[in-house]
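Everything on this sheet refers to the single structure shown next.
Number of protein chains: 2
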Amino acid sequence: MQEKALELLKLYRLRNTAMRRQVLELFLKAGHKALSSSNLESALEKTDRITLYRTLKTFERNGIIHQAIDGSGVTKYALCHGQCSEHDHMDDHPHFHCKDCGKTICLEGKIQNNVKVPKGFIVQQKHFILEGTCSDCSN
Amino acid sequence: MQEKALELLKLYRLRNTAMRRQVLELFLKAGHKALSSSNLESALEKTDRITLYRTLKTFERNGIIHQAIDGSGVTKYALCHGQCSEHDHMDDHPHFHCKDCGKTICLEGKIQNNVKVPKGFIVQQKHFILEGTCSDCSN
DNA sequence: TTTATAAATGCAACAATGTTGCAAAAATAT
DNA sequence: ATATTTTTGCAACATTGTTGCATTTATAAA
Numbered sequence: 001m002q003e004k005a006l007e008l009l010k011l012y013r014l015r016n017t018a019m020r021r022q023v024l025e026l027f028l029k030a031g032h033k034a035l036s037s038s039n040l041e042s043a044l045e046k047t048d049r050i051t052l053y054r055t056l057k058t059f060e061r062n063g064i065i066h067q068a069i070d071g072s073g074v075t076k077y078a079l080c081h082g083q084c085s086e087h088d089h090m091d092d093h094p095h096f097h098c099k100d101c102g103k104t105i106c107l108e109g110k111i112q113n114n115v116k117v118p119k120g121f122i123v124q125q126k127h128f129i130l131e132g133t134c135s136d137c138s139n
Numbered sequence: 001m002q003e004k005a006l007e008l009l010k011l012y013r014l015r016n017t018a019m020r021r022q023v024l025e026l027f028l029k030a031g032h033k034a035l036s037s038s039n040l041e042s043a044l045e046k047t048d049r050i051t052l053y054r055t056l057k058t059f060e061r062n063g064i065i066h067q068a069i070d071g072s073g074v075t076k077y078a079l080c081h082g083q084c085s086e087h088d089h090m091d092d093h094p095h096f097h098c099k100d101c102g103k104t105i106c107l108e109g110k111i112q113n114n115v116k117v118p119k120g121f122i123v124q125q126k127h128f129i130l131e132g133t134c135s136d137c138s139n
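First to last, the protein sequences are chains Z and E.
All residue numbers for the first sequence refer to the numbering used here, where the first residue is 1 and numbers rise by one.
All residue numbers for the second sequence refer to the numbering used here, where the first residue is 1 and numbers rise by one.
Below is the structure:
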């Protein structure tokens, strides 16, 4: 994990700082699970909220993480597994949000739609959210 | 509009208060456009944020309005045009969110997906968000 | 119409999330 | 080893949302 984190920072030409290393390791550990700022905060030893927010923005700008829109109101991020870039986040996969524990995970699958967008509207991104109860909470 | 608002309050057995009347009129006027708490606040003459939040919750509970999930982080509501109830919000229509002006509107259309949800996960609701630029902002 | 009662309001107080400016510290380049 | 560029950490602030409680208001009952 540590090595992978360092690799990524190097790859994206980002300075190797304690915060970035730790946050990146947490995302690598989380896999397909999305993490909120407060999730990360409680997992970090030394926490400065502001630096954390900036770290997340930096990672997002570089296409390392993407926002996992789940309708919960809190911003969550997950590792980009596909090919994301600064200008194009290819996170067109669906997200599942558990209403009970608040957990959000990235899923796979394709979405088809026949939505008619009004004249003059330009669609740039699509988000598909499945909401319900996860396996941990459904028992 | 005024009459329609009063009708609705009567229909749902909700007390006829100034706040409720005004908020309902704003939603009726907005049609398929979703409104945030702050949108409403600036449109109201006399504003108490807390009462407004409670009014929105009440309307939502009664199936008069539904949350329009748009990934913007702010909670927005739009009139239920279909048949929503306290326990079942049938707002399975997509929402369009304009990244430039922040506007959100309800659209129509069906969504098909082949998403494989992990074992034990129960899907209760689905949300489909189209994000981009609206006609007002695309000029 | 007046009174009783049930519900809604408005206030204080608080919590969570997020942003900006700026000086100090740290990471890289020279 | 030093210079330069970034990043950090702090204060200060803004927005969004919630809860408890006394007061006021809307409706139901007498």
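Ideal Cβ placement from N, Cα and C applies to all residues, glycine included.
- Message: For a cutoff of 8 Å on Cβ pairs, would you count VAL117/E as touching chain Z?
- Response: yes
Would you kindly work out how many angstroms separate the C-alpha atoms of THR135/Z and HIS32/Z, rounded to a whole number?
Checking the sequence, you will find Ser at residue 135/Z rather than Thr. When rounded, the separation of the alpha-carbon atoms in SER135/Z and HIS32/Z is 15 Å.
- Per DSSP, the bridge partner or partners of PHE128/Z: PHE128/E
7 Å Cβ shell around ALA43/Z - same chain, five flanking residues per side excluded: The residues are LEU26.
ask   = Taking 8 Å as the CB-CB limit, is PHE96/E close to chain Z?
value = yes
Since PHE121/Z sits in a beta bridge, which residues does DSSP pair it with?
DSSP lists no partner for PHE121/Z.
Which residue or residues does DSSP assign as beta-bridge partners of SER37/E? Beta-bridge pairing links SER37/E to no other residue.
**Prompt:** With a cut-off of 8 Å, does the C-beta of GLU45/Z fall near any C-beta of chain E?
**Reply:** no
Distance between beta carbons of SER37/E and LEU56/E, contact taken as under 8 Å:
About 7 Å separates the two Cβ atoms, so the contact holds.
Check: Near ILE111/E, which residues of its chain fall below 6 Å by C-beta distance, leaving aside the five closest residues on each side in sequence?
Finding: PHE128
Item to complete: Starting from TYR77/Z, follow the beta strand (DSSP E) in both directions and report where the run begins and ends.
Response: 76 to 79
Self-check item: Selection from LEU24/E, ARG13/E, SER138/E and LYS29/E that minimises the alpha carbon distance to LEU52/E
Solution: LEU24/E
Shortest alpha-carbon distance to GLN125/E belongs to which of THR133/E, CYS106/E and ILE69/E? ILE69/E
request  = Starting from the beta carbon of THR75/Z, find every residue of chain E whose beta carbon is closer than 9 Å, and list them in chain order.
outcome  = GLY73
- prompt: Shorter than 8 Å from the beta carbon of THR55/E to some beta carbon of chain Z?
  reply: no
Opposite PHE96/Z in the DSSP bridges: which residues? ILE105/Z and LEU130/Z
- Coarse secondary structure for ILE111/E, derived from DSSP in three states: strand
Between which two residues does the alpha helix (DSSP H) carrying ILE50/Z extend? 49 to 61
Where DSSP assigns a beta bridge to GLN67/E, which residues make up the other side? According to DSSP, GLN67/E shares a beta bridge with TYR77/E.
Rounded to whole angstroms, what's the CA-CA distance from GLN22/Z to GLU41/Z? Just pull it up for me. Straight-line Cα distance between these residues: approximately 11 Å.
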